[in-house]
Amino acid sequence: MAEINKQAETEIHESRQKEEHVINTGDFTGGQEGRDDIEQEDMQESMIKFMEEYKERHASDDEDENVVEYDEEGNVIWTWKKEIDPLPLLTIRKLNLTLQQAFELRITLDIRVYGQNIPKPVVSFGHFQFDKPIMNLIVKNEFEKPTPIQSQAVPAALSGRDVLGLAKTGSGKTLAYIWPTIVHIMNQEELAPGDGPIALIVVPTRELAIQVYNEAKRYTSLYNIALVCAYGGGSKYEQKKALENGAELVIGTPGRIIDLVKLKQQTF
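See the structure below:
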């Protein structure tokens, strides 16, 4: 019993010494090494702690920004921006569809093709590999994805293939040949004096010529491409002068184009 009491007194004495040491030095380890796996934060704990602190710091900002407004019918009007993660870059070279997958995609898009070694259709504007100005304008126009005629015709035209495409009005077929035309023009040397246009778009009517001209101008203006619209009913003199100044892309009707060729204002 005496030994037990002596040991107890010894432990009490050591405990008091440790307590005084902690009070005087502030060292809670008592000179002993602790367990790193318990006392130190691991990566997961550190990340959780960071996210909690981040939410606390930005909680007031989110409350101010996410102000809910309602229209006359009581529907919520979105006044804050949605957080959307960007899609990874995917080019047409990485879109390695099998023949079966390309066949199924054409069925889904209601595309019928004829020919040999036909380029495969695509499902995203990113697959066209257009440069930044064209892509920015596509985004600005809020085009979500290529239309069926664009999905098949643009890859074929960019591959240098002859394309005869049929699609209904409003299907986007005009841009299906304007985009490849611009890419082709930008890959050519600058015109020398007296050179004819690099590309020619022939349409049957004056109204359609003006319509295609206005659509093409939105994209050609991005690259300062010389664009001329030649159609019957317009000033032949002004069209002649525009061609004399050099035209990289001409949009016109058959009759007026023939007239200008006879006047030796173009070399086709």
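Residues 1 to 268 (full-length UniProt numbering) make up the sequence shown, in order.
Virtual Cβ for every residue (Gly too), placed ideally from N, Cα, C.
Taking the C-alpha atoms as reference points, what is the distance between residue 153 and residue 123?
If I take the Cα positions, the gap works out to 12 angstroms.
Can you name the residues that DSSP bridges to residue 252?
Paired residues: 202, 230.
Spatial distance of residue 204 from residue 253 (CA atoms):
One C-alpha to the other measures close to 6 angstroms.
On the three-state DSSP scale, how would you describe residue 156?
Three-state DSSP puts residue 156 in a helix.
Can you tell me where the alpha helix (DSSP H) with residue 116 in it begins and where it stops?
DSSP places residue 116 outside any alpha helix (DSSP H), giving it a letter other than H or E.
For the candidate residues 233, 114, 172, whose alpha-carbon lies nearest to that of residue 206?
Answer by Cα proximity: 233.
Under the three-state reduction of DSSP, which class applies to residue 168: helix, strand or coil?
In the structure shown, the three-state DSSP call for residue 168 is coil.
Drop a sphere of 10 angstroms on the beta-carbon of residue 237, count the other beta-carbons inside from all chains shown, and report buried for 16 or more, exposed for fewer.
Exposed, by the Cβ-count rule.
Apart from the five residues just before and just after residue 147, which ones in its own chain have a Cβ nearer than 7 angstroms to its Cβ?
If we look at residue 147 and ignore the five residues flanking it on each side, its Cβ neighbours are 171, 172.
Where residue 238 sits in the DSSP three-state scheme:
Residue 238: helix per DSSP, three-state reduction.
Could you check whether residue 247 and residue 193 sit closer than 7 angstroms to each other, using their CB atoms as the reference points?
At a Cβ-Cβ threshold of 7 angstroms, residue 193 and residue 247 do not count as neighbours.
Around the C-beta of residue 140, are 16 or more other C-beta atoms found within 10 angstroms, so that it is buried, or is it exposed?
Per the 10 Å Cβ criterion, exposed.
With a 10 Å radius around its C-beta and 16 neighbouring C-beta atoms as the bar for buried, classify residue 221 as buried or exposed.
Answer is exposed; the Cβ neighbour count stays below 16.
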